[in-house]
Amino acid sequence: MIDFLILFSAVLVGTFGFAVIFGTKPKHLPAATLLGGLTYTVFYLVDLATPDLFLSNFAAAFFAGIAAFALAVFYRAPAVTFSALAVIPLVPGGALYYMMYGVISGDTELFRAQSVVALRVGLGIAAGIVFSSTVIGLIRPHLHRAAVKKATGSAEGNKK
Amino acid sequence: MENERNLHRFDGESAADYLLRTALDVAAMTLRSGGEIHRVEETIQRICSAFGAEHTEVFAIHSQIIASVRMQDGSYSSQVRRIYETDNRFARLDRINQISRALCLGKMTLDQAQEEIAKVKGITPYPLWMILIASACGAGGLSFLFGAGIRDALCAALVALLVTLLGRLIPKNGNVFLEMVLRSFAIGVLSRALVIVGAGLDAGKIIIGAIMLLVPGISFGNAMRDLLGGDTLSGTLGIVRSILLAASIAFGLFVATAVTGGAVL
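Residue numbers (this note's numbering), protein chains in the order written: chain H, 879 to 1038; chain B, 9 to 273.
So this is what it looks like as structure tokens:
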């Protein structure tokens, strides 16, 4: 538990740093930072249950995509300003680097092993975000209809 | 029509040309600020439709946007915009998204949009000192995920801060790959130096934390997303670019290893 809390705090600090580097609006900073921490929590929990790199990254990225959409609606801002930051703790930066280091130093085994890690993590994140976009695409019309109905209902209520 | 009294329209520029130029200005700024390819394409489609276009065609990749529009009176315009640099600048992306939305809802004229687009370039929400601290936070925080202890994390934060400052001081020569080689070389040498003087314990852990600022992890993720989302060309180009950037970083570190005479991994 203590290990997780240390990692969670480190992710919050890291995501906050990247949020500032990426020029996130000051108003969006707390939500973007917290979303990074929560996305990592989902990754951590799924990884505990099924230690599969693809699955844990897929689940975390799917959560990040849905939560980023909710924040985008709330703040009326592009969802990518939240989702790109949320997946920062998941990106296979280390694997991508070791992979190319293997190429340059001639270490074929390092290259092979890290390519698989980078591809599995990258595909997991991408699939999670794409799948969340598909789900959002399916529920968006219903949300829109509900919002219109609510607005119409309250307008009629005001008339009465 | 409101857009008939154009203050920003060039002499001889048709209404179709002016509409498409403005839509491309909005789309280009969206792409430069970190917007997705589908957002860029939708932006042009929606703005042109909102201003009476009968038919719009758009094709965008990370380095170029090609668009054409046909108005109801039969006038036609086709334009190309080359994009030389893209980066994540989310406050700008947010503002340009508001401008796009206002145009589509009829709350802004093309003239007003031109004035607002010019202002977007000046949006820099944080001063240099805050960017430096943020670089330290980003590298130091994420180095824990790669197994660094508190000492190595603090060293990674210091290295990231120094390299970010160095990046601001060195004039940009336009070659991002060379810039990556130089920055990663600096990271390698500084990390090794911190271990030699006894501040850090493991140069490899310090390096991995500090290079998180350079590794194209987000572009790699975005490229994979484009690929899975159907934008095959854009995704393939993004992956090739990410691999080349990672290779540049690895090359810089490899040279640093040779210079310092020790393994940095």
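No residue lacks a Cβ here, since even glycine has one placed at the ideal position from N, Cα and C.
Euclidean distance between Cα positions of residue i and residue j
i	j	result
V891/H	D81/B	56 Å
N183/B	Y92/B	11 Å
I966/H	I195/B	20 Å
D119/B	I982/H	52 Å
T38/B	G237/B	19 Å
F900/H	N96/B	5 Å
R40/B	A165/B	28 Å
R13/B	Y26/B	Confidence is the limiting factor: at R13/B the pLDDT is only 49, short of 50, which leaves the residue's position unreliable and the question unanswerable from this model.
I45/B	Q53/B	13 Å
L933/H	T893/H	22 Å
L273/B	T94/B	In this predicted model, L273/B has a pLDDT of only 49, less than 50, meaning its place in the structure is not dependable; the value taken from the coordinates is given anyway. About 31 Å.
M219/B	I125/B	First, the amino acid is wrong: residue 219/B is Ile here, not Met. Cα-Cα distance, rounded: 33 Å.
G971/H	L252/B	14 Å
N11/B	I944/H	Bear in mind that the predicted position of N11/B carries a pLDDT of just 45, short of 50, making it unreliable; the figure below should be weighed with that in mind. Each residue's alpha carbon lies about 38 Å from the other.
A264/B	E987/H	22 Å
K828/H	H1020/H	In this structure chain H extends from 879 to 1038, so residue 828/H is not present and cannot be described.
CB-CB length for residue i against residue j, believed under 8 Å
i	j	result
L136/B	R176/B	7 Å
M232/B	G1000/H	5 Å
A255/B	M978/H	5 Å
L153/B	L1016/H	Not a contact, Cβ separation roughly 33 Å.
L222/B	I257/B	5 Å
Reference residue i, options the options, closest by Cα
i	options	result
Q122/B	L166/B, M138/B, I107/B and G43/B	I107/B
V248/B	I216/B, C112/B, N230/B and K127/B	N230/B
V48/B	E21/B, F259/B, R109/B and S83/B	R109/B
L170/B	L190/B, T117/B and R103/B	L190/B
V1008/H	P1019/H, A973/H and F947/H	F947/H
S192/B	V203/B, L111/B and I216/B	I216/B
Y953/H	G980/H, D930/H, H906/H and L913/H	H906/H
S71/B	A58/B, V77/B and G43/B	G43/B
T244/B	I69/B, A144/B, F59/B and A23/B	I69/B
F67/B	C145/B, T172/B and T240/B	T240/B
Touching or not, the region 949 to 966 of chain H and the region 203 to 216 of chain B, by the rule of three or more beta carbon pairs under 8 Å? As far as the Cβ criterion goes, the region 949 to 966 of chain H does not touch the region 203 to 216 of chain B, which means the pair count is below three.
Any chance the region 939 to 946 of chain H sits against the region 83 to 101 of chain B, with 3 or more Cβ pairs inside 8 Å? As far as the Cβ criterion goes, the region 939 to 946 of chain H does not touch the region 83 to 101 of chain B, which means the pair count is below three.
Under 8 Å, with one C-beta from each stretch per pair, do the region 214 to 229 of chain B and the region 18 to 37 of chain B reach the 3-pair mark? Output reads no: the region 18 to 37 of chain B does not touch the region 214 to 229 of chain B.
Say whether the region 906 to 923 of chain H touches the region 985 to 996 of chain H, bearing in mind that this needs 3 or more beta-carbon pairs closer than 8 Å, one atom from each stretch. Under the Cβ criterion (8 Å, minimum of three pairs), the region 906 to 923 of chain H does not count as touching the region 985 to 996 of chain H.
For the region 134 to 149 of chain B, which residues have a CB atom closer than 9 Å to at least one CB atom of chain H, in sequence order? Taking 9 Å as the Cβ-Cβ cut-off against chain H, the residues of the region 134 to 149 of chain B that qualify are Y134, M138, I139, I141, A142, S143, A144, C145, G146, A147, G148 and G149.
For the region 221 to 232 of chain B, which residues have a beta carbon sitting closer than 9 Å to at least one beta carbon of chain H? Those residues of the region 221 to 232 of chain B placed with their C-beta closer than 9 Å to a C-beta in chain H are L221, L222, V223, P224, G225, I226, F228, G229, N230, A231 and M232, ordered along the chain.
Contact between the region 128 to 142 of chain B and the region 896 to 911 of chain H (3+ Cβ pairs under 8 Å): These segments touch.
According to a CB-to-CB cut-off of less than 8 Å, which residues of the region 977 to 988 of chain H neighbour chain B? Cβ contacts with chain B: M977, M978, Y979, V981, I982 and S983.
Residues of the region 923 to 952 of chain H with Cβ closer than 8 Å to any Cβ of chain B, in chain order: Under the 8 Å Cβ criterion, the region 923 to 952 of chain H contributes no residue.
According to a CB-to-CB cut-off of less than 7 Å, which residues of the region 993 to 1011 of chain H neighbour chain B? Answer in chain order: G1000, L1001, I1003, A1004, A1005, I1007 and V1008.
What residues from the region 883 to 899 of chain H come within 9 Å of chain B, judged by C-beta to C-beta, listed N to C? Residues passing the 9 Å Cβ filter: I884, L885, S887, A888, V889, L890, V891, G892, T893, F894, G895, F896, A897, V898 and I899.
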